[in-house]
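See below for the structure under consideration.
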DNA sequence: TCTGTAGTCGACCACGTTGGTCTAAAGTTC
DNA sequence: GAACTTTAGACCAACGTGGTCGACTACAGA
């Protein structure tokens, strides 16, 4: 919708955030346009001036989120790094940066991916599959398996490392719950994270 | 409510399952008593004949779930097993059994724990804290730290093992999504799980 | 200064759903 | 068949829904 995109970027962002949050928390069906406009601080009329209806808004959000995650996260990961742990380390940094920049997008995508309460128009479906494929490549393509211990199954080691990284992130997120992400010193957490990575290296790589 | 507890156990179970599912999926506020009765196949009147109102039902479910999880899961874990991985292994088996027996209870508890959209009467609050404390003890009390490698921080190793076990469980759950749990042969999955445990042992214990 | 246009708001609409009540019928037990 | 319990769902007022519309403002060009 050009109407929406010509808007003052600050207001635009506020509307996007409100809408993303509402859909993230409630899914498509139970999300309320009333709550969105209230949260965004705009009149009801405006939302339907920018977007022709609820579904239109929803699809716009999906496209926006897909673009954001691909452009600001997935495509920035160095796919030439063949060391699995180093690659995850780089990915974690990029993801964290993107997440600070636009927290709601990730929440929205999580809910979207595991509910799918509305089927997509083909062009979005296609882009969504592209994202999945790119996410897969990020984890498994061009990894140097020779770095791993010989006495453990490489795929299982992959998974354990992945789960470790995910687990730390989840754990951290919970510990930081409620704190204002923007005014926070992340350095100690990064250090802690690197210690975990060292342990993983020590445990799953040949030394 | 004695009215409810004198009911035919089968109908009782059906009502419990419907209600647990509804609250699990929607939280207290957005859960609908209409959907509950429809799903349970009873008339609207009956729900309010058994429970005096929505809140009463909700608190009954919490108490029921706390009891179930404590009695059928936490208190069955062998707290005398000092080997961390063996303890988790035992816990996983018991949890899986409990989860098959009453899937909704666990979903309900997850939603309940991370939303808390209603504050509890004191006696439930107390029992809830007991559960948390018991869950903590299950993981950290009486573990033999001497089994771990000397060159890694034990607490971090704890976490990585925990995240590995959780990760596998989550991964499995996703792979099995939609399949009827009851008519499924779990043996191969257990074997796979044990392989992961072996790797963890090989990686984080002294050998 | 007038007029047209783009932007903005929120009252309002018809309607569906909410938690909860009540009546009347159907069982059940003597 | 009386006395009692159990059941279903029509019904209630209150509220929330996605979406519309007319009134109003801001500002451009004449």
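Chains as they are written, first to last, in my numbering: chain A, 639 to 845; chain B, 639 to 845. Just so it is clear, CB atoms sit at the ideal spot from N, CA and C, and this is done for glycine as well. Note that the structure is predicted; figures quoted are calculated from it, not measured.
Between the C-alpha atoms of residue 751 (chain A) and residue 768 (chain A) there is a straight-line separation of about 14 Å. Short of 6 Å from the beta carbon of residue 722 (chain A), and not among the five residues preceding or following it, lie these beta carbons of its own chain, in chain order: 781. Closer than 8 Å to the CB of residue 670 (chain B) there is not a single CB belonging to chain A.
Between the beta-carbon of residue 749 (chain B) and that of residue 661 (chain B) there is about 7 Å, and that keeps the pair under the 8 Å contact cut. The Cβ neighbour count for residue 747 (chain B), taken over all protein chains shown within 10 Å, is at least 16; the residue is labelled buried.
Among the residues facing chain B, residue 837 (chain A) is included, as its CB has a counterpart in that chain under 8 Å away.
Where residue 815 (chain B) is concerned, there is no enclosing alpha helix (DSSP H), because DSSP gives it neither an H nor an E.
Residue 745 (chain B): member of the alpha helix (DSSP H) spanning 741–753, first to last residue. The three-state secondary structure of residue 786 (chain B), taken from DSSP, is strand. Put simply, the CB of residue 834 (chain B) is near chain A, with a gap under 8 Å to one of its CB atoms.
Unbroken beta strand (DSSP E) runs of no fewer than 3 residues, entirely contained in the stretch 679–731 of chain A, are not found. Chain-ordered listing is empty here: chain A has no CB closer than 8 Å to the CB of residue 831 (chain B), the nearest sitting near 11 Å.
Taking residue 803 (chain A) as the centre and dropping the five residues before and after it, the same chain places the C-beta of 726, 730 closer than 7 Å to its C-beta, in chain order. At a cut-off of 8 Å between beta-carbon atoms, residue 804 (chain B) makes contact with chain A.
Across the stretch 782–793 of chain A, CB contacts with chain B closer than 9 Å involve 787, 789, 790, 791, in sequence order along the chain. Within the same chain, and ignoring the five residues on either side of residue 667 (chain B) in sequence, the residues whose Cβ sits closer than 7 Å to its Cβ are 755. Out of B:658, B:830, B:832, B:647, the CA that lies nearest to the CA of residue 743 (chain B) is found in B:658.
Between the beta-carbon of residue 834 (chain B) and that of residue 806 (chain B) there is about 6 Å, and that keeps the pair under the 8 Å contact cut. Taking every protein chain shown into account, the CB of residue 696 (chain B) has 16 or more other CB atoms within 10 angstroms, so this residue is buried. Judged by beta-carbon spacing, residue 790 (chain B) lies within the 8 Å limit of residue 837 (chain A), meaning their Cβ atoms are closer than that value.
Below the 9 Å Cβ cutoff, chain B contributes 837, 841 as neighbours of residue 795 (chain A), in chain order.
Apart from the 5 residues on each side of it in sequence, residue 656 (chain B) sits with its Cβ closer than 6 Å to the Cβ of 674, 677, 678 in its chain, given in chain order.
If you ignore the 5 residues before and after residue 753 (chain A), its C-beta comes within less than 7 Å of the C-beta of 665, all in its own chain and listed in chain order.
One thing to note: residue 712 (chain B) has its Cβ within 8 Å of the Cβ of residue 772 (chain B). Its chain contains 678 as the residues whose beta carbon lies nearer than 6 Å to that of residue 652 (chain B), once the 5 sequence neighbours on both sides are disregarded; these appear in chain order. Within 10 angstroms of the beta-carbon of residue 740 (chain A) lie 16 or more other beta-carbons, which makes it buried. Secondary structure note for residue 791 (chain B): it is in no alpha helix (DSSP H), with a DSSP letter that is neither H nor E. For residue 643 (chain B), the closest alpha carbon among the candidates B:779, B:688, B:682, B:670 is that of B:688. Taking CB atoms only, residue 828 (chain A) has no neighbour in chain B less than 8 Å away. At least one CB of chain A lies nearer than 8 Å to the CB of residue 798 (chain B).
Scanning its chain for C-beta atoms nearer than 7 Å, with the 5 sequence neighbours on each side dropped, one finds around residue 827 (chain B) the residues 810, in chain order. With a threshold of 16 other beta carbon atoms within 10 Å, residue 817 (chain B) falls short and is exposed. The Cβ-Cβ distance between residue 700 (chain A) and residue 645 (chain A) does not fall below 8 Å. Between residue 736 (chain A) and residue 710 (chain A), the C-beta spacing is below 8 Å.
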